[in-house]
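Please read the structure below before turning to the comments.
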Amino acid sequence: MQPTQQRARKLCLPLLLLVVLIPLWGWAQTPSTYTNSIGIEFVLIPAGTFEMGAANGDGDERPVHTVTISKPFYLGKYEVTQAQWQAIMGNNPSLFQGDPNRPAEQVWFNDVQEFIRKLNAKEGGEGYRLPTEAEWEYAARAGTTTAYSFGDDASQLGQYAWYKDNANGQTHPVGQKKPNPWGLHDMHGNVWEWVQDWYKRYSPEAVTDPKGPESGTHRSRRGGAWNNFDKYCRSSNRYSVAGFRDDFLGFRLVRMVP
13 MQPTQQRARK
23 LCLPLLLLVV
33 LIPLWGWAQT
43 PSTYTNSIGI
53 EFVLIPAGTF
63 EMGAANGDGD
73 ERPVHTVTIS
83 KPFYLGKYEV
93 TQAQWQAIMG
103 NNPSLFQGDP
113 NRPAEQVWFN
123 DVQEFIRKLN
133 AKEGGEGYRL
143 PTEAEWEYAA
153 RAGTTTAYSF
163 GDDASQLGQY
173 AWYKDNANGQ
183 THPVGQKKPN
193 PWGLHDMHGN
203 VWEWVQDWYK
213 RYSPEAVTDP
223 KGPESGTHRS
233 RRGGAWNNFD
243 KYCRSSNRYS
253 VAGFRDDFLG
263 FRLVRMVP
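In terms of this note's numbering, the sequence shown opens at residue 13 and continues consecutively.
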């Protein structure tokens with residue numbers, strides 16, 4: 013090998029290492045949790061690929077298709093609580109009151125968008141939003157491929173969720189049940205959760221960071237609620253809603269990684 017080639021090789025190797033290591037260093041510097049100014053706790057969700065939907069689920073859960081989430085993001089560890097809603101909005105529309113740590117409910121999609129607008133203004137940025145439907149299912153599955161984040165055995169659901177069999181006809185304070193493998197609570201049950209997408213049927217193509225259609229008549233909601241049977245609390249289950257307030261419908265937030 014000529015001296016010029018040797019010098020070029022010596023220069024290229026450190027540059028190659030920098031190209032590989034800089035993104036990894038950035039990931040290592042991102043905290044695994046984050047708590048904002050009104051006490052909403054977030055968990056860092058890694059980028060990755062998963063199979064969205066369920067071959068043995070309802071018709072709108074098919075076809076199963078490959079989805080890639082290309083960037084990490086923070087997702088609320090819990091559903092947004094009544095105390096957190098009150099801190100931003102100055103009111104509490106929820107039916108089931110008495111404990112400020114119950115999830116905020118009876119909030120319409122547009123109400124949630126106003127909450128997000130005010131929270132972003134309070135913290136001086138545009139970092140908060142609802143999760144997309146794909147982000148929500150990806151986080152709910154937490155690397156699993158089973159009906160629930162803990163497996164397929166619905167008899168275990170009561171350890172992880174407030175639902176029809178154990179909720180006694182009401183919501184409950186967030187975080188009382190076991191978390192999923194990524195540390196998120198109440199992804200099954202308690203209240204349904206708004207997501208950002210307009211509702212549409214799935215297509216079979218593999219997609220990256222899908223956001224749903226540009227317009228529609230119904231929004232998607234996820235997770236099941238205190239008044240639902242176990243099958244509605246599955247990770248892949250989805251439901252459309254025209255946009256109304258009800259005592260089984262709340263939300264959790266995404267905070268984008270700076």
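From the three backbone atoms N, C-alpha and C, an ideal C-beta is built for every residue, glycine too.
From a predicted model like this one, the values you see are computed outputs, not experimental measurements.
Among Gln-41, Leu-56, Ile-50, which one has its Cα closest to the Cα of Arg-267? Mapped onto the sequence shown, residue 267 falls at position 255. Nearest of Gln-41, Leu-56, Ile-50 to Arg-267, Cα basis: Leu-56.
Can you list, in chain order, the residues of its chain with a C-beta nearer than 8 Å to that of Val-92? Leave out the 5 residues immediately preceding and following it. Translated into positions along the sequence shown, residue 92 becomes position 80. If we look at Val-92 and ignore the five residues flanking it on each side, its Cβ neighbours are Ile-52, Pro-115, Ala-116, Phe-127, Gly-262, Phe-263, Arg-264, Leu-265.
With distances taken from CA atoms, which of Gly-60, Asp-72, Leu-169, Glu-217 is nearest Asp-322? Any property of residue 322 remains undetermined from this structure, which presents the chain solely from 13 to 270.
Can at least three beta-carbon pairs, one atom from the stretch 155-174 and one from the stretch 187-195, be found at a separation below 8 Å? yes
Between Trp-206 and Val-124, is the Cβ-Cβ spacing less than 7 Å? On the sequence shown, residue 206 is found 194 positions in, with the first residue counted as 1. On the sequence shown, residue 124 is found 112 positions in, with the first residue counted as 1. Going by C-beta atoms, Trp-206 is nearer than 7 Å to Val-124.
Just to confirm, is the Cβ distance from Trp-238 to Trp-148 under 7 Å? Working through the sequence shown from its first residue, we reach residue 238 at position 226. Working through the sequence shown from its first residue, we reach residue 148 at position 136. Taking 7 Å as the Cβ cut-off, Trp-238 and Trp-148 do not qualify as a contacting pair.
Go to Met-274, then tell me how far its alpha helix (DSSP H) extends in each direction, as first and last residue. Because the chain spans 13 through 270 in this model, residue 274 falls outside it and cannot be assessed.
Bridge partners - Phe-54, DSSP secondary structure assignment: By one-based count along the sequence shown, residue 54 stands at place 42. Answer is Tyr-46, Gly-88.
Whole angstroms are fine: how far does the CA of Thr-61 sit from the CA of Glu-217? On the sequence shown, residue 217 is found 205 positions in, with the first residue counted as 1. On the sequence shown, residue 61 is found 49 positions in, with the first residue counted as 1. Near 14 Å, if we compare the C-alpha coordinates of Thr-61 and Glu-217.
In chain order, what residues of the same chain lie with their CB nearer than 7 Å to the CB of Ala-95, ignoring the 5 residues before and after it? To locate residue 95, count along the sequence shown from 1; it is residue 83. Counting only Cβ-Cβ distances below 7 Å, and skipping sequence neighbours, we find Pro-112, Asn-113.
Between the Cα of Pro-270 and the Cα atoms of Glu-138, Val-186, Cys-245, which residue gives the shortest distance? Sequence index remark: in the sequence shown, residue 270 carries index 258 (1-based). Residue Glu-138 holds the alpha-carbon nearest to the alpha-carbon of Pro-270 among Glu-138, Val-186, Cys-245.
Is Leu-107 closer than 7 Å to Asp-259 when the C-beta atoms are compared? The residue labelled residue 259 in the question sits at position 247 within the sequence shown. The residue labelled residue 107 in the question sits at position 95 within the sequence shown. Yes, they are a contact pair.
Within this structure, are the beta carbons of Tyr-251 and Val-186 separated by less than 7 Å? Along the sequence shown, one-based indexing puts residue 251 at 239. Along the sequence shown, one-based indexing puts residue 186 at 174. Contact: no.
Put Met-13 into one of helix, strand or coil per three-state DSSP. Residue mapping note: residue 13 aligns to position 1 of the sequence shown, counting from 1. Confidence is the limiting factor: at Met-13 the pLDDT is only 49, short of 50, which leaves the residue's position unreliable, though a coordinate-based value still follows. Coil.
Quick check on this structure: which residue in Gln-182, Gly-110, Ala-99, Glu-135 has the alpha carbon closest to the alpha carbon of Asn-240? By one-based count along the sequence shown, residue 240 stands at place 228. For Asn-240, the nearest C-alpha among the options comes from Gln-182.
Checking 7 Å against the spacing of the C-beta atoms, do Asp-209 and Glu-145 come in under that value? As a position in the sequence shown, residue 209 is number 197, starting the count at 1. As a position in the sequence shown, residue 145 is number 133, starting the count at 1. Yes. Within cutoff.
For Glu-149, report the span of its alpha helix (DSSP H) as first-last. Here residue 149 is taken as the residue at index 137 of the sequence shown, counted from 1. First-last of the alpha helix (DSSP H) with Glu-149: 145-153.
Alpha carbon to alpha carbon, what distance is there between Lys-130 and Asn-104? For the purposes of this step, residue 104 is identified with residue 92 of the sequence shown, where counting begins at 1. For the purposes of this step, residue 130 is identified with residue 118 of the sequence shown, where counting begins at 1. Those two C-alpha atoms are separated by around 15 Å.
Roughly how many angstroms separate the alpha carbons of Gln-118 and Gly-110, rounded to a whole number? Mapped onto the sequence shown, residue 118 falls at position 106. Mapped onto the sequence shown, residue 110 falls at position 98. The alpha-carbon atoms of Gln-118 and Gly-110 are separated by roughly 15 Å.
May I ask you to report which of helix, strand or coil DSSP gives Gln-125? Translated into positions along the sequence shown, residue 125 becomes position 113. In this structure, Gln-125 counts as helix in the three-state DSSP scheme.
Find out if the Cβ-Cβ distance for the pair Gly-65, Val-76 is shorter than 7 Å. As a working mapping, residue 65 is identified with position 53 in the sequence shown. As a working mapping, residue 76 is identified with position 64 in the sequence shown. A contact, by the Cβ cut-off of 7 Å.
Alpha carbon to alpha carbon, how far is Val-253 from Gly-102? Give it in angstroms, no decimals. On the sequence shown, position 90 is the one that residue 102 refers to. On the sequence shown, position 241 is the one that residue 253 refers to. If you draw a straight line from the Cα of Gly-102 to the Cα of Val-253, it is about 26 Å long.
Would you report the Cα separation of Tyr-140 and Arg-153, rounded to the nearest angstrom? Reading the sequence shown from its first residue, position 128 is the one you call residue 140. Reading the sequence shown from its first residue, position 141 is the one you call residue 153. If you take the alpha carbons of Tyr-140 and Arg-153, they lie about 22 Å apart.
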